[in-house]
Structure formats: C-alpha cells, structure tokens
Amino acid sequence: MTGFIRFADSLSAWFGKAFAWLIILMAAGTGYEVFVRYVLNSPTSWSLDVSFIMYGSLFMMGGAYTLSRGGHVRGDFIYRLWKPQTQALVDLVLYLIFFFPGITALILAGWKYSARSWSYTEVSVNSPAGIPIYQFKSVMVAAGILLFIQGIAQVMRCIICIRTGQWLEPEDDIQETEDALIAKATAAEKDGHV
C-alpha cells in the first residue's frame, strides 16, 4: 500500500507543479494585455479567453496535488480534536460515500462533454478571436483521473491509520506560510533574538 501511496503522491505532485507554471504565463499575459490596452490603446480579442483557460487548467490539475497534501477545506475545528483512528474512519466513509461517486461523475460527464467538444472543434463564444477550447475540455477528464488515483491513495492512508493509529505523512515539499512564520518565531525566541 505504501508504494502505491508514494506513487500517487509523486504523480499528483508532478502534475501540480508542472501546471503551477501557468501562473507565470497568466501574469505575463495579463501584463501584456494591460500594456497594449492602456498604453497602446489596442486591446486583444483573445486575452480573456486564454487567461480563463490557463486558470481553469491550473485549478483543475492542482486538485490531486492539493488532496495529496491535505490542503482541501474541512471542518478542522472539530476534526483535529479526534484521535487519528477516528479521523481516518470518518475520512474513509466520506471518501466512499461522497468523493468517489463525485469524481466518477466528473470523469464520465467530462468525457462526454470533452468528446462532444472535440467532435466539432469547439471555439470560445466569448471573444471574436474564436479561441479553440476543445483541448481544454479534456482537462476535466485528466483531472478527474488524477483525483481518482489520489483518492485511492488517500483511502489506503486511512486504512493504514486505522491499523496503526498514525497517519502516513506525504513528502514535505511544501510549507504553509503560517507554519514557516511560527517556526521562525520559535527559533528566534530560542536564540534570544526576540
């Protein structure tokens, strides 16, 4: 089980980090649009569509990575008070009742939606540029498959935690800003710099 969990975590991390580069492209594209619109008085007809496509792709493809790192919203004010086995049992039930049916629906509906879009090479109706968007519709399916794989890994994490009483932690490749500030303040207090 641990091998599959590590595989799913690394797969989710790879896609999440790869698609995170879209932030740079979005910032550059928005900066370009602001420049040509307000300095050159020559706005583009494609900028809004492209930024929607990039943001949507980033959002969708980052979902599995966020799930692998425990970054999705939950009722932590109650959840954190429970023993790890209780947390794992509740998570397991919620994955089976809500997560997998929802993700399965996303994959199946996304497949249908994407296939229809590819069949007539759909373009955006929001701008006169007619930006092709059929490729973007496939992101729904890819994101759903990644979430499904990561969901299986999360279920395995729950099973391990129910058995051992401890969560199998993901790789430590990110750090919350708040945690970093707390660690920095604690280190400064220990060194007597406060």
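Under the numbering used here, residues 19 to 212 are what the sequence shown spells out, in order. Just so you know, even glycine gets a beta-carbon here, dropped at the ideal spot from N, CA and C.
- Classified as buried, Leu165 has 16 or more neighbouring CB atoms from the shown chains inside 10 Å of its CB.
- Taking Phe70 as reference, the option from Gly89, Gly47, Val91, Ala26 with the minimal CA-CA separation is Gly47.
- The three-state reading of DSSP puts Val57 in coil, since its state is none of H, G, I, E or B.
- Counted as a single uninterrupted DSSP element, the alpha helix (DSSP H) harbouring Val108 occupies residues 102-112.
- Pro61 sits away from Cys179, with the two beta carbons spaced by 7 Å or more.
- Distance from the CA of Leu66 to the CA of Met19, rounded to the nearest whole angstrom, comes to 44 Å.
- DSSP places Ile170 in the uninterrupted alpha helix (DSSP H) bounded by 152-182.
- Using a Cβ distance threshold of 7 Å, Met72 and Val157 do not count as a contacting pair.
- Shown here, Val141 sits in a strand according to DSSP, grouped into three states.
- Counting along the chain, the unbroken alpha helix (DSSP H) around Val68 starts and ends at 65-79.
- The Cβ neighbour count for Gln172, taken over all protein chains shown within 10 Å, is at least 16; the residue is labelled buried.
- Relative to the Cα of Ser30, the nearest Cα in the group Gly88, Val57, Ile200 belongs to Gly88.
- Look at Pro119 here: in three-state DSSP terms it is helix.
- Taking the Cβ atoms as the reference, Tyr131 lies roughly 14 Å from Thr139, outside the contact range of under 8 Å.
- Of the other Cβ atoms in all chains shown, fewer than 16 fall within 10 Å of the Cβ of Arg98; this residue is therefore exposed.
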